[in-house]
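Chemist: Sharing a structure here in structure tokens format.
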Amino acid sequence: MGRKIRTREGFIVDSGSGEVIDDKPLESSGDVFWSHELCADEERVEEIINSIVPGLVEVLKAYLRKKLCDASYTEVNEVLTTLWSGEASTIFRKALSKRYRSTPSIHESKAFDLAGLAGLAVYRCLKRAGHSDELVLEVLAEVSRGVLRSELHNTVNELLKEFRNCRRKALVRWISRPLRESIDVEHASKALGVEVRTLGKLSYITAKVLGLGVQITSNKVDISSKADEPSKVVEVLEFLSRRLGVELSKPLPVVATIIIKLPFKANLNSLATYERGEHQGTRVKIERGNYTALVYPTTVNIYARLGGILDKIESVVADFLPTLCTHIEKELDCSIA
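Take a look at the structure:
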């Protein structure tokens, strides 16, 4: 068994295999399941619609978010004028205008052209550390060509590597739910050869299936894996579906554990003071909208809420790196060795 990591939700996973080691289950939720007699029961139909609507809203939000990011301001404004008027339209236009005002600068665009999102994140990082636009872009360009001439070059190189590997190394918790009838936990325990455990009124089992850690309750299956193993997660669910006799939904990534090794030392006191961080022994905890970061002097553990989107792994790291670079223990040396 490799090194153990405790995730944001309290589970302990093995950093090598992604296996859930801790047996603490997901809490139960009042999910509603389909049955063949639905249409004869109007109350039941209404109950199911009410349970489905929030999920549909999230799907629409994700779809619209992508469309709005691709559309021009004029296109979006025309749609708003057609659909809405009054206060709602005004609020939406203000938010949209703010987004367009925050589009990348010329220097940021150059950094992106040099090294993609990783380059943009590192550019912003070093800018926050106090380096000039010209120097950062020059170093980025040289590092992209394999030139390492100073401490700053080495730092940029290490940050780029960490960023590009963050998804491959991340551990992700996936959730799948039974599509029709609930899971018979007693039957599942026999089928997988493990004991049923209880927490209050909740019954659950934990098992290792095809090398991945799995937790099963009556209304959900929780799987831990590396972020680049979605096909293996699907394979596990197909195996469980056959073994348990239950049709399971497509797995959605819900939480990622991301570990970033820093090529510099972070000033924890400064970080806690100016970033509303909380001292926790040898680390500082920082809460943001969709992630929590535990910052050690040379390592960061980020627990990101994915909401079904794996690409949030990179966006979360890109968001937090510049914050870290504002609080480097000592200035990076850019003189040529």
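According to the working numbering, the sequence shown is numbered sequentially starting from 268.
We treat Cβ as the ideally placed atom computed from N, Cα and C, and that holds for glycine.
With distance defined between alpha-carbon atoms, name the residue in N536, E514 and D380 nearest to T549.
Modeler: Mapped onto the sequence shown, residue 549 falls at position 282. If we check each option's Cα against that of T549, N536 comes out closest.
Chemist: Taking the alpha helix (DSSP H) that G383 falls in, what are its first and last residues?
Modeler: The residue you call residue 383 lines up with position 116 of the sequence shown. Its alpha helix (DSSP H) spans residues I373 to R395.
Chemist: Can you tell me which of the three DSSP states L438 falls into?
Modeler: Walking along the sequence shown from the start, residue 438 turns up at place 171. In this structure, L438 counts as strand in the three-state DSSP scheme.
Chemist: Count the other CB atoms, across all protein chains shown, that sit within 10 Å of the CB of V403; report buried if there are 16 or more and exposed otherwise.
Modeler: One-based indexing of the sequence shown puts residue 403 at position 136. When all chains shown are included, V403 counts as buried.
Chemist: Return the residue from the list V463, K457 and E545 that minimises the CA-CA distance to R510.
Modeler: Taking the first residue of the sequence shown as position 1, residue 510 is located at position 243. Among V463, K457 and E545, the Cα nearest to that of R510 belongs to K457.
Chemist: Quick one: grab the DSSP three-state call for T593.
Modeler: The residue you call residue 593 lines up with position 326 of the sequence shown. Here T593 sits in coil by DSSP.
Chemist: Among V551, Q547 and K532, which has the Cα closest to the Cα of Y541?
Modeler: One-based indexing of the sequence shown puts residue 541 at position 274. Of V551, Q547 and K532, the residue nearest in Cα terms is V551.
Chemist: Taking just the CA atoms, how far does P589 sit from L393?
Modeler: Here residue 393 refers to the residue found at position 126 when the sequence shown is read from its first residue. Here residue 589 refers to the residue found at position 322 when the sequence shown is read from its first residue. L393 and P589: Cα-Cα distance of roughly 7 Å.
Chemist: Is it the case that the Cβ atoms of N424 and V410 are separated by a distance below 8 Å?
Modeler: On the sequence shown, residue 424 is found 157 positions in, with the first residue counted as 1. On the sequence shown, residue 410 is found 143 positions in, with the first residue counted as 1. Yes, the pair counts as a contact, with Cβ atoms nearer than the cut-off.
Chemist: Beta-carbon within less than 7 Å of I415's beta-carbon, same chain only, minus the 5 sequence neighbours each way: which residues are those?
Modeler: Residue 415 sits at position 148 when you count from the first residue of the sequence shown. Ile is not the amino acid found at residue 415; the sequence shown has Leu there. If we look at L415 and ignore the five residues flanking it on each side, its Cβ neighbours are N421 and N424.
Chemist: Rounded to a whole number of angstroms, what is the C-alpha to C-alpha distance between L591 and G397?
Modeler: In the sequence shown, counting from the first residue as 1, residue 591 sits at position 324. In the sequence shown, counting from the first residue as 1, residue 397 sits at position 130. Rounded to whole angstroms, L591 to G397 spans 12 Å at the Cα level.
Chemist: Since Y563 is in the alpha helix (DSSP H), which residue starts that stretch and which ends it?
Modeler: Within the sequence shown, numbered from 1, the residue matching residue 563 stands at position 296. Y563 -> no alpha helix (DSSP H), and no H or E assigned at all.
Chemist: Specify the secondary structure class of S537 as computed by DSSP and reduced to three states.
Modeler: For the purposes of this step, residue 537 is taken as residue 270 along the sequence shown, with counting starting at 1. If DSSP states are grouped into helix, strand and coil, S537 belongs with the helices.
Chemist: So N557 and R543 are in contact, right, with Cβ under 8 Å, and what is the actual spacing, rounded?
Modeler: Taking the first residue of the sequence shown as position 1, residue 557 is located at position 290. Taking the first residue of the sequence shown as position 1, residue 543 is located at position 276. Actually they are not in contact, since the Cβ atoms of N557 and R543 sit about 16 Å apart, beyond 8 Å.
Chemist: State the start and end residues of the unbroken beta strand (DSSP E) segment that holds L479.
Modeler: Sequence index remark: in the sequence shown, residue 479 carries index 212 (1-based). Looking at the DSSP string, the run of the beta strand (DSSP E) that includes L479 is L479 to I483.
Chemist: Quick one: any contact between the segment 520-533 and the segment 465-483, if contact means 3 or more CB pairs under 8 Å?
Modeler: No contact exists between the segment 520-533 and the segment 465-483.
Chemist: Rounded to the nearest angstrom, what separates T593 and R391 at their Cα positions?
Modeler: By 1-based counting over the sequence shown, the position of residue 593 is 326. By 1-based counting over the sequence shown, the position of residue 391 is 124. Their backbone Cα atoms lie some 10 Å apart in a straight line.
Chemist: Kindly indicate the opening and closing residues of the alpha helix (DSSP H) around H614.
Modeler: Beyond the ends of the chain as shown, which are 268 and 604, falls residue 614; an answer cannot be given.
Chemist: Can you tell me whether D489 is buried or exposed? The criterion is at least 16 other CB atoms within 10 Å of its CB, across all chains shown.
Modeler: Working through the sequence shown from its first residue, we reach residue 489 at position 222. With 16 or more Cβ atoms within 10 Å of its Cβ, D489 is classed as buried.
Chemist: Closest by CA to V476, which one among N486, A494 and A455?
Modeler: Taking the sequence shown and counting its residues from 1, one reaches residue 476 at position 209. When each option's Cα is compared against that of V476, the closest is A455.
Chemist: Can you look up K528 in the DSSP assignment and give me helix, strand or coil?
Modeler: Your numbering for residue 528 matches position 261 in the sequence shown. Three-state result, K528: strand.
Chemist: Quick one: what's got a C-beta closer than 7 Å to K377's C-beta in the same chain, skipping five residues either side?
Modeler: Residue mapping note: residue 377 aligns to position 110 of the sequence shown, counting from 1. Correct list, in chain order: L404.
Chemist: Put V410 into one of helix, strand or coil per three-state DSSP.
Modeler: Numbered from its first residue, the sequence shown carries residue 410 at position 143. V410 falls in the helix class under three-state DSSP.
Chemist: Excluding sequence positions up to five away, which residues of its chain have a Cβ less than 8 Å from the Cβ of T566?
Modeler: Here the question's residue 566 lines up with position 299 in the sequence shown. Answer for T566: I526, I527, K528 and L529, listed in chain order.
Chemist: Taking the alpha carbon of E401 as the point to measure from, which residue in Q482, E375, D578 and Y570 has its own alpha carbon closest?
Modeler: Counting from 1 along the sequence shown, the entry for residue 401 is found at position 134. The shortest C-alpha separation from E401 is found at E375.
Chemist: For I442 versus I483, is the C-beta distance shorter than 8 Å?
Modeler: Stepping through the sequence shown from its first residue, residue 442 is reached at position 175. Stepping through the sequence shown from its first residue, residue 483 is reached at position 216. For I442 and I483, no; Cβs fall outside 8 Å.
Chemist: List the residues that DSSP assigns as beta-bridge partners of P520.
Modeler: On the sequence shown, position 253 is the one that residue 520 refers to. Answer is W441.
Chemist: Please classify L577: does DSSP put it in a helix, a strand, or coil?
Modeler: Here residue 577 refers to the residue found at position 310 of the sequence shown. Coil at L577, not helix or strand.
Chemist: For the beta strand (DSSP E) holding S508, just list the boundary residues, first then last.
Modeler: Counting from one through the sequence shown, the residue named residue 508 turns up at place 241. S508 -> not in any beta strand (DSSP E); alpha helix (DSSP H) instead, spanning P497 to L511.
Chemist: When the distance is taken between beta carbons, is L407 closer than 8 Å to G386?
Modeler: One-based indexing of the sequence shown puts residue 386 at position 119. One-based indexing of the sequence shown puts residue 407 at position 140. Result yes, Cβ atoms of G386 and L407 sit closer than 8 Å.
Chemist: Using the beta-carbon count (16 or more within 10 Å), is R440 buried or exposed?
Modeler: Looking up residue 440 in the sequence shown gives position 173. It is buried - the Cβ of R440 has at least 16 other Cβ atoms within 10 Å.
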